[in-house]
Amino acid sequence: MFAPLGKWLVAAGLVLVLAGLALWGLGSLGWFGRLPGDIYLRRGHVTFYFPLATCILLSVIISLLLMLFRR
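Heads up, the final residue of the sequence shown is numbered 205 in the numbering used here, and it's a clean run with no missing numbers.
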C-alpha cells in the first residue's frame, strides 16, 4: 500500500537533489541571479529580492529541454 508513495518520495528527493546541485553550480556564475529585470530593493535593514528575469530564463530553458526530451 505504501510502496507507490515510497517511490514518489524517492523520485521527489532525487529531483530536489538535482535541482540543488544545479543551483549550487549556477550560483558560482557571477551573472546568474543578477540579470536586468531582477527586482532588488533595500530599505534600511529590510531587503527584498525577487529574481523575475532569472525565473523567466529558467522557465524557458526548462520548457525547451522538456520539449526536446518529449520527442
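Note that the Cβ used here is the ideal one computed from N, Cα and C, for glycine as well.
Paired residues, beta bridge with residue i - DSSP
| i | result |
| --- | --- |
| R177 | V180 |
Opening and closing residue of the alpha helix (DSSP H) in which residue i lies
| i | result |
| --- | --- |
| R204 | 186-204 |
CA-to-CA distance, residue j to residue i, given in whole angstroms
| i | j | result |
| --- | --- | --- |
| H179 | L191 | 29 Å |
| W181 | A137 | According to the sequence provided, residue 181 is Thr. The question's Trp does not apply to it. Whole-angstrom Cα-Cα distance: 44 Å. |
| I196 | M135 | 33 Å |
| V151 | V144 | 10 Å |
| F103 | L202 | The structure shown does not extend to residue 103, since the chain is modelled only from 135 through 205, so no value can be given for it. |
| A187 | W142 | 31 Å |
| P170 | C189 | 12 Å |
| R177 | L157 | 27 Å |
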